[in-house]
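Colleague:
Numbering (my numbering), first residue to last: -15 to 138.
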């Protein structure tokens, strides 16, 4: 009897944790991340160039790696240890660029349905801002909406 109670309590705890962990709008895999405003794709960059959008090509492919807590890393497909991250440049609006994973804030929430509809992409849960564009630069603003289409490859 006591074992059944313990098992029941453990099953309830697992169910509550599953409900408390937000889900991602994208599964792990390779994606083009298309800006719906321009039709171009998110591309990496370092230094003054930073992250930007450019015509979609094999160099604009990203791997999305879910971390299991509702956040994901957006990793360059051609270099598995380089993630889309907050630029260390202290400017406004903040820019994004590609940096060694885990070195700078680089965990994103992909907010929206997982049915291919447009999504918002926020650094953290939005506390660092939402991914958007200013001209051809990728920047973060305090608020954002569903501006990105995730096109799964393969």
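The beta carbon of each residue, even a glycine, is placed where N, CA and C say it ideally should be. Computed from a predicted structure; not experimentally measured.
Can you tell me which of the three DSSP states residue 138 falls into?
Modeller: For this step, residue 138 is matched to residue 154 along the chain shown. Coil.
Colleague: Please classify residue 119: does DSSP put it in a helix, a strand, or coil?
Modeller: Taking the chain shown and counting its residues from 1, the one referred to as residue 119 is at position 135. Looking at residue 119 - three-state DSSP - the assignment turns out to be coil, as it is neither helix nor strand.
Colleague: Report the three-state DSSP secondary structure of residue 129 (helix, strand or coil).
Modeller: Here residue 129 refers to the residue found at position 145 when the chain shown is read from its first residue. Looking at residue 129 - three-state DSSP - the assignment turns out to be coil, as it is neither helix nor strand.
Colleague: Given that a residue counts as buried once 16 or more other Cβ atoms are within 10 Å of its Cβ, and exposed if not, what is residue 63?
Modeller: Start at 1 with the first residue of the chain shown, and residue 63 comes out as number 79. That one is exposed.
Colleague: When you compare only the Cα positions, how much space is there between residue 78 and residue 91?
Modeller: Position 94 of the chain shown holds residue 78. Position 107 of the chain shown holds residue 91. Going from the Cα of residue 78 to the Cα of residue 91 covers about 16 angstroms.
Colleague: Can you tell me which of the three DSSP states residue 113 falls into?
Modeller: Translated into positions along the chain shown, residue 113 becomes position 129. Correct three-state label for residue 113: strand.
Colleague: Which residue wins for smallest C-alpha separation from residue 15, given the options 22, 58, 73?
Modeller: As a working note, residue 15 is residue 31 in the chain shown. Of 22, 58, 73, the residue nearest in Cα terms is 58.
Colleague: Taking all protein chains shown into account, decide if residue -3 is buried (16 or more other Cβ within 10 angstroms of its Cβ) or exposed.
Modeller: One-based indexing of the chain shown puts residue -3 at position 13. The predicted position of residue -3 is uncertain, since its pLDDT is 37 and thus under 50; no value can be drawn from it.
Colleague: According to the Cβ coordinates, are residue 104 and residue 26 closer than 9 angstroms?
Modeller: Walking along the chain shown from the start, residue 104 turns up at place 120. Walking along the chain shown from the start, residue 26 turns up at place 42. Not a contact, by the Cβ cut-off of 9 angstroms.
Colleague: Taking C-alpha atoms, which residue in 80, 40, 52, 39 lies nearest to residue 29?
Modeller: Locating residue 29 in the chain shown gives position 45, where the first residue counts as 1. Cα-wise, what sits closest to residue 29 is 80.
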